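Report on one structure; see the data block that follows.
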Amino acid sequence: MARTKEFSPDEALQSAMEVFWQKGYEATSMRDLLERTKLHKASLYQTFGNKERLFISALKRFCMSALEPFKAISKSATPLSDLKQLMLTVCSSSDPSNGCMLANTAAEVATRNDNIAAVVQDSLNKRQQMLRAILIQAQDVGELSKAADVKVLAEYLNTFLMGFGVMMRMNTDKRQMVQTLETAFAQLK
Numbered sequence: 023m024a025r026t027k028e029f030s031p032d033e034a035l036q037s038a039m040e041v042f043w044q045k046g047y048e049a050t051s052m053r054d055l056l057e058r059t060k061l062h063k064a065s066l067y068q069t070f071g072n073k074e075r076l077f078i079s080a081l082k083r084f085c086m087s088a089l090e091p092f093k094a095i096s097k098s099a100t101p102l103s104d105l106k107q108l109m110l111t112v113c114s115s116s117d118p119s120n121g122c123m124l125a126n127t128a129a130e131v132a133t134r135n136d137n138i139a140a141v142v143q144d145s146l147n148k149r150q151q152m153l154r155a156i157l158i159q160a161q162d163v164g165e166l167s168k169a170a171d172v173k174v175l176a177e178y179l180n181t182f183l184m185g186f187g188v189m190m191r192m193n194t195d196k197r198q199m200v201q202t203l204e205t206a207f208a209q210l211k
């Protein structure tokens with residue numbers, strides 16, 4: 023008779039995601055993952071496979087969670103204002119030292135691991151689609167000029183957000199980050 027799992031795979035994945043987000047893929051050891059998830063080695067491997075597969079699951083979880091606010095903003099009556107407010111909230115969060123897990127991963131391992139690179143690219147594509155939907159909504163409600171090229175602006179914002187995530191990891195002065203954010207959004211007319 024097969025034993026039932028005595029742990030929550032969802033909670034274990036959340037814990038693993040937090041370790042990877044904090045330390046990065048390469049610096050995270052299996053020992054770190056076992057300690058944080060409180061799992062035995064066999065349970066971790068049976069449930070998630072190897073370290074790479076666990077990381078990919080954790081990265082997908084992060085990206086899905088990070089996109090949720092964008093979905094709501096794309097239907098907002100003030101999408102640009104709401105997007106800017108979301109970024110200000112992220113910027114002023116109490117501990118931005120982890121930065122953005124997606125940006126961290128792109129910088130750390132995406133160029134050396136095709137499987138991880140595919141997840142990064144897919145996530146960037148999804149975020150860019152969400153940004154484009156937000157910009158179209160902004161045009162519809164009059165926050166953005168109808169003449170604005172939403173494809174180009176979505177690419178601009180996506181690129182900006184990647185750099186913003188990296189700068190957050192570097193613990194850049196919050197006032198400076200807010201000024202940078204204000205400048206980026208001032209370009210959206």
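With the numbering used here applied, the sequence shown corresponds to residues 23 to 211, in that order. Glycine included, C-beta positions come from ideal geometry on N, C-alpha and C. These numbers come from a predicted model, not from an experiment.
Residues Gln150 of the same chain have their beta carbon placed closer than 8 Å to that of glutamate 177, with the five preceding and five following residues left out of the count. The stretch 81-98 makes contact with the stretch 142-160; the number of CB pairs closer than 8 Å reaches 3 or more. Bounds of any alpha helix (DSSP H) do not take in serine 98, whose DSSP letter is neither H nor E. Here alanine 38 carries a helix assignment [DSSP, helix/strand/coil]. Residues of the same chain with their beta carbon placed closer than 7 Å to that of glutamine 68 are lacking, with the five preceding and five following residues left out of the count. Inter-residue distance for methionine 39 and aspartate 136 is about 20 Å (C-alpha atoms, whole angstroms). In this model, serine 96 and glutamine 161 are separated by some 11 Å (Cα to Cα). Between methionine 123 and phenylalanine 186, the C-beta gap is not smaller than 8 Å, which leaves the two residues out of contact.
Boundaries for lysine 211: no alpha helix (DSSP H) harbours it, and the DSSP string shows neither H nor E there. Burial state of valine 174 is exposed, judged by a 10 Å Cβ sphere holding fewer than 16 other Cβ atoms. The residues Gln161, in chain order, have a CB closer than 7 Å to that of lysine 168 in the same chain once the five nearest residues on each side in sequence are set aside. Rounded to whole angstroms, the Cβ separation of valine 141 and leucine 81 is 5 Å, and the two are in contact under 8 Å.
For the pair isoleucine 138 and alanine 129, the CB atoms are not nearer than the 8 Å cut-off. If you ignore the 5 residues before and after threonine 59, its C-beta comes within less than 7 Å of the C-beta of Ala34, Ser37, Ala38 and Leu66, all in its own chain and listed in chain order. The alpha helix (DSSP H) runs of length 4 or more contained entirely in the stretch 109-182 are, from start to end of the chain, 123-130 and 136-162.
Residue burial annotation: glutamate 204 is exposed, with fewer than 16 other C-beta atoms found within 10 angstroms of its C-beta. Going by C-alpha positions, phenylalanine 42 is about 27 Å away from alanine 94. For methionine 52, the enclosing alpha helix (DSSP H) begins and ends at 52-59. Judged by DSSP in its simplified three-state form, glutamate 48 adopts coil rather than helix or strand.
The alpha-carbon separation between lysine 63 and leucine 110 amounts to approximately 40 Å.
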